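Numbered by numbering that gives the first Met the number 0, the letters in the first sequence go through residues 0 to 801 in order.
Using N, Cα and C, we set each Cβ at its ideal position, and we do this for glycine too.
Owing to the predicted nature of the structure, the values given are computational and were not obtained by experimental measurement.
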Amino acid sequence: MSVQYKHQEIEQKWRRIWEERPVNKEEGREKYYCLDMFPYPSGSGLHVGHWRGYVLSDVWSRYKILQGYHVLHPMGWDAFGLPAENYAIKMGVHPAKATAENVENFKRQLKEISAVYDWTKEVNTTDPGFYKWTQWIFVQMFKAGLAYEKEMPINWCPECKTGLANEEVVNGECDRCGTPVTKKNLRQWMLKITAYAERLLKDLEDLDWPDKVKKMQSDWIGKSHGAEIDFQVEGMEEKLKVFTTRPDTLYGATFMVLAPEHGAVAKITQPPKKEEVEHYVFHASMKSSVDRMQDKEKTGVFTGSYAVNPLNGAKLPIWISDYVLADYGTGAIMCVPAHDERDFAFAKQFDLPITQVIRKEGAGEEELLEAYTEEGVMVNSGPFDGMRSTLAKEAVADYLEEQGIGDKTTNYKLRDWVFSRQRYWGEPIPIVHCPYCGTVPVPEEDLPVVLPEVESYQPTGTGESPLAAIEEWVNVPCPTCGKPAKRETNTMPQWAGSSWYFLRYVDVDNSRELVSKEQARKWLPVDMYVGGIEHAVLHLLYSRFYTKFLHDIGVVEFQEPFTRLFNQGMICKNGAKMSKSKGNVVSPDNLVQDYGCDSLRMYELFVGPPELDSEWDDRGIEGVYRFLNRVWKLVHENIGREVPVTQELEKLRNQLIYEVTNRMNNFNMNTTVSAFMEFNNKFLDLSKNQGGVDKETLSTLVVLLAPFAPHMAEELWEALGQEGSVFENEWPVHDESKMKETSVQMPVQVNGKIKATILVEDGEDKESVLAKARGAVEGKLDGRAIQKEVYVPGRIISIVAK
RNA sequence: GCAGUUGUGGCGGAAUUGGCAUACGCGCUAGACUAAGGAUCUAGUCUGGGUUAACUGGGUGCGGGUUCGAGUCCCGCCAACUGCACCA
0 MSVQYKHQEI EQKWRRIWEE RPVNKEEGRE KYYCLDMFPY PSGSGLHVGH WRGYVLSDVW
60 SRYKILQGYH VLHPMGWDAF GLPAENYAIK MGVHPAKATA ENVENFKRQL KEISAVYDWT
120 KEVNTTDPGF YKWTQWIFVQ MFKAGLAYEK EMPINWCPEC KTGLANEEVV NGECDRCGTP
180 VTKKNLRQWM LKITAYAERL LKDLEDLDWP DKVKKMQSDW IGKSHGAEID FQVEGMEEKL
240 KVFTTRPDTL YGATFMVLAP EHGAVAKITQ PPKKEEVEHY VFHASMKSSV DRMQDKEKTG
300 VFTGSYAVNP LNGAKLPIWI SDYVLADYGT GAIMCVPAHD ERDFAFAKQF DLPITQVIRK
360 EGAGEEELLE AYTEEGVMVN SGPFDGMRST LAKEAVADYL EEQGIGDKTT NYKLRDWVFS
420 RQRYWGEPIP IVHCPYCGTV PVPEEDLPVV LPEVESYQPT GTGESPLAAI EEWVNVPCPT
480 CGKPAKRETN TMPQWAGSSW YFLRYVDVDN SRELVSKEQA RKWLPVDMYV GGIEHAVLHL
540 LYSRFYTKFL HDIGVVEFQE PFTRLFNQGM ICKNGAKMSK SKGNVVSPDN LVQDYGCDSL
600 RMYELFVGPP ELDSEWDDRG IEGVYRFLNR VWKLVHENIG REVPVTQELE KLRNQLIYEV
660 TNRMNNFNMN TTVSAFMEFN NKFLDLSKNQ GGVDKETLST LVVLLAPFAP HMAEELWEAL
720 GQEGSVFENE WPVHDESKMK ETSVQMPVQV NGKIKATILV EDGEDKESVL AKARGAVEGK
780 LDGRAIQKEV YVPGRIISIV AK
């Protein structure tokens, strides 16, 4: 009993042994693919916040191994991206070199976690052998018509000097650096993710993902039903098409508004209004999206033209305003101020008429002080008067279709993906521009297009990437006709590699295919994906899009990449997310040294519910460290002791199995740790005050503990005289019949207050229990008569007395 | 503004989904062991009254309700966090 728990020695010992004899064995078992969101290997290294997700997924992986699965638990590097490039600009070090150093450092730190990562399957997005396939996918998309070039005003970050996808703009600011985003007219490569909008939306239903993430994605895709309606411009050939979700309000339209960028603006503007309109359009184009959002007051200008309401012939003045978005719907709207808040504000601002066409049932006519957006009864709507507005929505749309003035349609908020970046450290887009053949994809056998050496990594800011300056790289013969042509010099966004990396893990060395059918069938899709919520729309939406595309061209056989998703909460310190910039990071290094990897692993789980943010407190780790010491003590003081297996021990052992398994299956890792502590306290009590704890119970405890504290579990397994690795066991199964308590203390309530506790034997009948209960509270009834008795077996007896 | 999440001791957090509120741990208090303790062990620790007791009241952000019984369900608020933000 004098053997000390020396965590450093033990952990080194088992790490060495595992390297020679991995605990994860195939043996024809069923597969389980448990994946971490792979990190960007930054220079600053890991803190205890990073540990959390990695510990969660590792505990889960080891749990699955013990449950009999062959587990794939890989790790890799999302290594393209701005920090390495910015570092290169500052220090003149090639990003590849800095990245390699960071990867090495990260890997060393990651090994401290002692996860069951299979390092033979490591991937790195910046490795040409990897990005060959990132480029290959792009070529396939180009061939399928899903990658296309377009000159358009896109989100531009003046700080990063690059274009951004819609998803990368948060509150009008660059997701990466926080600089307000401006618009810039640029030739862009776009990916037609909108072609997958409906499938991306619909397939969310069957995913075992947090509702929050599903909702964020479906809101981002933003499907809405409505109708497109044609409005004739008075005195012109021109017709204006609008999209509305509220065809039921058509009779209430009193004006129209076009986005400043709408194609028909110049044509329909009347000569006297020309200067004013041009002025407005010019200023609207200068506004950044932040300014545009901050404008509370509506602005706008009248074009001088009128449109005709197709249902009642009313003359509707046509205005221009930047509250109408050019790239949603048709860029033009019919305005019903009575029933739309924004139109109402605009009508008040410019003193335009307001016609109510829906009224609350039973209400009379009265002036509207704000837009009435609820449902109600139709008025002032010709043949539709008296109809419920909810029905009129459909009825009016049907009528428009019959008359040939409109069509029922669907719109999505999702926009195509701006895929070009004007930076150096990314995958070159594998395209050649030929003056004769046009846009030609690089032939597959010539992939990868390797990122060339460059003198300056500095972004040019002109919309050209630094690659454009390398003449000998840019100038190539056209792959089709052989005449002089030029390479595309834009690179891909960081999301390109991460959109499909999880497929590559299963077949990392394959030089002929992205992934072989055989390996894909064996391992994919991912069964459990663990990572932060920050990728709810970006990475997770892009990955789903890529997977669906790869499914469509026959590379994989499934449509969704991640069957189950778990978002771990953040680790906070002093109320803020742990980050280097806030200066509140806690390094795992000292903690591992002082308390050991096992203690830190368990504390990462114990700190709080895994899906919620938790506040870090260094002192808390003492608790799990003491616990592990007590487990150590418990096992050692019972080794060699002849302990008879009592009913009590059997009961506790089975209860422990049940509690741990149940909590694990619900992903309640924090309370699983509590359960271990509780039972260990009970075992210690038995060990000290009664005969001890038997070997089977101790062995069971050790097996259950193995996913959490693997080093200690192995060491104790060995100390107990057991054969092989603790991970060669099967996860224990509880025996319900042995878990039962022979008797339980049950509370007795009188009028809702606990007045006594009685001891009830297992299987005791209701009458006997109630008689006991009556006896126990007899003196506390104060002469009141019992009106009602409620008996909930195993829980409570409730007596009502008056 | 809209949507979602959260609100329980000094602190992190439990509560089998309607059944003994505060498990487990941190911290704190007292004691034991000790030359010493930032180690370990023992006892205590929501709060008011009560003799340090028995006992007895209150108590899960606030106000109502349903129920024998509510941290949990319903209605109405408040606060914090997250996401979206003129998507017609």
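Where does the unbroken alpha helix (DSSP H) through H278 begin, and where does it stop?
-> Residues 273–285.
Assuming L703 contacts L648 (C-beta within less than 8 Å), just tell me the rounded distance between them.
-> Rounded to the nearest angstrom, the Cβ distance from L703 to L648 is 15 Å, too far for a contact under 8 Å.
CA-CA distance, G177 and C436?
-> C-alpha separation (whole angstroms): 41 Å.
Mind listing, in chain order, the continuous alpha helix (DSSP H) runs of no fewer than 4 residues lying wholly within the segment 455–540?
-> The DSSP assignment places complete alpha helix (DSSP H) segments of no fewer than 4 residues inside the segment 455–540 at 470–473, 494–497, 500–503, 516–522, in order along the chain.
May I ask which residues mark the beginning and end of the beta strand (DSSP E) holding M738?
-> Segment: none, M738 is in no beta strand (DSSP E) and carries neither H nor E.
Residue from L599, M668, P706, H733 whose Cα sits closest to the Cα of L651 | Nearest option by C-alpha distance: H733.
Quick one: Cα of M0 to Cα of V591, how far?
-> Below a pLDDT of 50, predicted positions are generally treated as unreliable, and M0, at 43, falls in that range; the measurement from the model is reported next regardless. Taking the CA atoms as reference points, M0 sits about 25 Å from V591.
Could you spell out where the beta strand (DSSP E) holding K754 opens and where it closes?
-> Unbroken beta strand (DSSP E) run through K754: 752–760.
Under a three-way DSSP split, which group does L769 fall into?
-> Taken through DSSP and simplified to helix, strand or coil, L769 comes out as helix.
Measure the CB-CB distance between V376 and R387 and report whether it falls below 8 Å.
-> Cβ distance < 8 Å, so V376 and R387 count as in contact.
Neighbourhood of G328 by C-beta, 6 Å cutoff - its chain only, sequence neighbours within 5 removed = Closer than 6 Å at the Cβ level, and outside the excluded window around G328, lie F242, N410.
Where the alpha helix (DSSP H) through G48 begins and ends = Residues 47–65.
Would you mind stating whether H69 and R28 have Cβ atoms separated by less than 8 Å?
-> R28 is positioned such that its CB atom lies closer than 8 Å to that of H69.
If you run the structure through DSSP and keep just helix, strand and coil, what is M0?
-> Confidence at M0 is low in this model, with a pLDDT of 43, below 50, so the placement of that residue should be treated as unreliable; the coordinate-derived value is given next. In the three-state scheme derived from DSSP, where H, G and I count as helix and E and B as strand, M0 is classed as coil.
Once you ignore the five residues that flank K579 on each side, which residues in its own chain have a CB closer than 6 Å to its CB?
-> The beta carbon of K579 sits closer than 6 Å to those of S43, all from its chain and outside the five residues before and after it, given in chain order.
What's the gap between the Cα of T408 and the Cα of F343?
-> Each residue's alpha carbon lies about 25 Å from the other.
What is the rounded straight-line gap between the Cα of A194 and the Cα of M738?
-> A194 and M738: Cα-Cα distance of roughly 56 Å.
Could you have a look at H432 and say whether DSSP puts it in helix, strand or coil?
-> It is a strand residue.
Which of helix, strand or coil does DSSP assign to I552?
-> Coil at I552, not helix or strand.
May I ask you to report which of helix, strand or coil DSSP gives D210?
-> Here D210 sits in helix by DSSP.
Check the C-beta distance from N679 over to R629 and give it rounded, since I have them as a contact under 8 Å.
-> Yes, N679 and R629 are in contact; Cβ-Cβ is about 6 Å, under 8 Å.
So A467 packs on V475, CB below 8 Å; how close in whole Å?
-> The C-beta distance from A467 to V475 rounds to 13 Å, too long to meet the 8 Å contact threshold.
Simplified DSSP assignment, three categories, for W219 = Of the three classes helix, strand and coil, the one that applies to W219 here is helix, per DSSP.
When the distance is taken between beta carbons, is Y39 closer than 8 Å to A97?
-> In this structure, Y39 does not lie closer than 8 Å to A97 by Cβ.
Pick from L310, H282, F281: whose alpha carbon is nearest that of T253?
-> Closest by alpha carbon: L310.
Measure the C-alpha to C-alpha separation of Q744 and D117 and round it to an integer number of angstroms.
-> Cα atoms of Q744 and D117: separation of roughly 50 Å, rounded to the nearest angstrom.
Inspect the beta-carbon positions of T302 and T268 and report whether they are closer than 8 Å.
-> A contact, by the Cβ cut-off of 8 Å.
Any 3 or more C-beta pairs closer than 8 Å across the segment 561–570 and the segment 518–534 = Counting Cβ pairs under 8 Å, three or more are found: they touch.
Cross-strand partners of L163 (DSSP beta bridge) = Per DSSP, the beta-bridge partners of L163 are N154.
Among I795, W188, I9, I220, the one whose alpha carbon lies nearest that of L203 | Answer by Cα proximity: I220.
At what residues does the beta strand (DSSP E) containing P127 begin and finish?
-> It is not in any beta strand (DSSP E) - P127 instead sits in the alpha helix (DSSP H) that spans 127–142.
Can you say whether D781 is buried or exposed, counting buried as having 16 or more other CB atoms within 10 angstroms of its CB?
-> D781 sits exposed, since fewer than 16 C-beta atoms from the chains shown fall within 10 Å of its C-beta.
Which class does L145 belong to by DSSP, given the choice of helix, strand or coil?
-> In the structure shown, L145 sits in coil (DSSP, three-state: anything other than H, G, I, E or B).
Express the C-alpha separation of S736 and V789 in angstroms, rounding to a whole number.
-> Looking at the two C-alpha atoms, the distance is approximately 27 Å.
Take N154 as the anchor and find which of M676, R186, D693, F383 has the nearest alpha-carbon.
-> When each option's Cα is compared against that of N154, the closest is R186.
How close, in whole Å, do the beta carbons of L367 and A337 come, if the pair is a contact with beta carbons under 8 Å?
-> At roughly 6 Å, the Cβ-Cβ gap stays under 8 Å, so L367 and A337 are in contact.
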